[in-house]
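**Q**
Numbering (my numbering), first residue to last: 110 to 300.
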């Protein structure tokens, strides 16, 4: 399992739980010392230092993880910041912007980088249909509902849950798609 933000807090607790359940663990965290310590605390775990808001660095980290243990089967996006505890008028806007880069963009980038590795060989068409279906609405609805959920509840968990709901909705739609027929219709040379 790949766990972003796995060096501390909820991410680290999740790493311990998944390791106990038999998963091999890859901890991805921006804090090198904490990442190394967290990986050392779990038998067989590996630590990878990476800023999840950096798309290129995250893609490179995903490629490295794929080379070492092979494609991972689970992803937990636990990397997150909560920098502003004061009101809107007094908050540090640079810290607030960084929070959005890590909490929101980092989640999306991690899903993209590691999601590709989780697609079973021979099932690419089915998963491509899932991403195509989910991408149509989530490109603007995802951020909208993320913001609404965060505003109403004040909880990043609820906000990230809105993203998960869009992925699940795409999966439900995918289950209704006749993939074999779609492939035949899209390429007259197939079948």
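Virtual Cβ for every residue (Gly too), placed ideally from N, Cα, C.
In chain order, which alpha helix (DSSP H) runs of at least 4 residues are fully inside the segment 162-197?
**A** 164-176
**Q** Going by beta carbon distance, what residues of the same chain come within less than 6 Å of residue 157, once the five residues before and after it are set aside?
**A** 137, 170
**Q** Are the segment 196-204 and the segment 124-140 touching by the rule of at least three beta carbon pairs closer than 8 Å?
**A** Fewer than three beta-carbon pairs drawn from the segment 196-204 and the segment 124-140 are found closer than 8 Å, and the two stretches are therefore not classed as touching.
**Q** Taking the alpha-carbon positions, what's the residue 174 to residue 265 distance?
**A** 27 Å
**Q** In the structure shown, what three-state DSSP assignment does residue 300 receive?
**A** For residue 300, the pLDDT reaches just 43, beneath the cut-off of 50, and the residue's location in the model is therefore unreliable, leaving the point undetermined.
**Q** Straight-line CA distance for residue 225 to residue 165?
**A** The alpha-carbon of residue 225 is positioned some 15 Å away from that of residue 165.
**Q** Measure the alpha-carbon distance for residue 146 versus residue 204 and round it to whole angstroms.
**A** 26 Å
**Q** Keeping to the same chain, check which residues put their C-beta closer than 6 Å to that of residue 141; ignore five residues upstream and five downstream.
**A** 158
**Q** Which of the three DSSP states is assigned to residue 158 in this structure?
**A** strand
**Q** Quick one, are the C-beta atoms of residue 135 and residue 111 less than 8 Å apart?
**A** yes
**Q** What are the start and end residues of the alpha helix (DSSP H) that includes residue 143?
**A** From DSSP, the alpha helix (DSSP H) with residue 143 extends over 141-149.
**Q** On the CB-based measure, 16 or more other CB atoms within 10 Å of its CB, does residue 139 come out buried or exposed?
**A** buried
**Q** Helix, strand or coil for residue 116 per DSSP?
**A** If DSSP states are grouped into helix, strand and coil, residue 116 belongs with coil.
**Q** Tell me whether residue 172, by its Cβ, gets closer than 7 Å to a heavy atom of the ligand PLP.
**A** In the structure on display, the ligand PLP does not appear, and there are no ligands present to speak of.
**Q** Got a sec, what are the start and stop residues for the beta strand (DSSP E) residue 136 sits in?
**A** 135-138
**Q** Ordered along the chain, which non-local residues of its own chain (more than five positions away) have a Cβ less than 8 Å from that of residue 262?
**A** For residue 262, the CB contacts under 8 Å within the same chain, skipping 5 residues up- and downstream, are 268 in chain order.
**Q** Once DSSP output is grouped into helix, strand and coil, what is the label at residue 242?
**A** Reliability of the predicted coordinates at residue 242 is poor, the pLDDT of 49 falling under 50, and the value obtained from them is presented with this limitation in mind. Helix, per DSSP.
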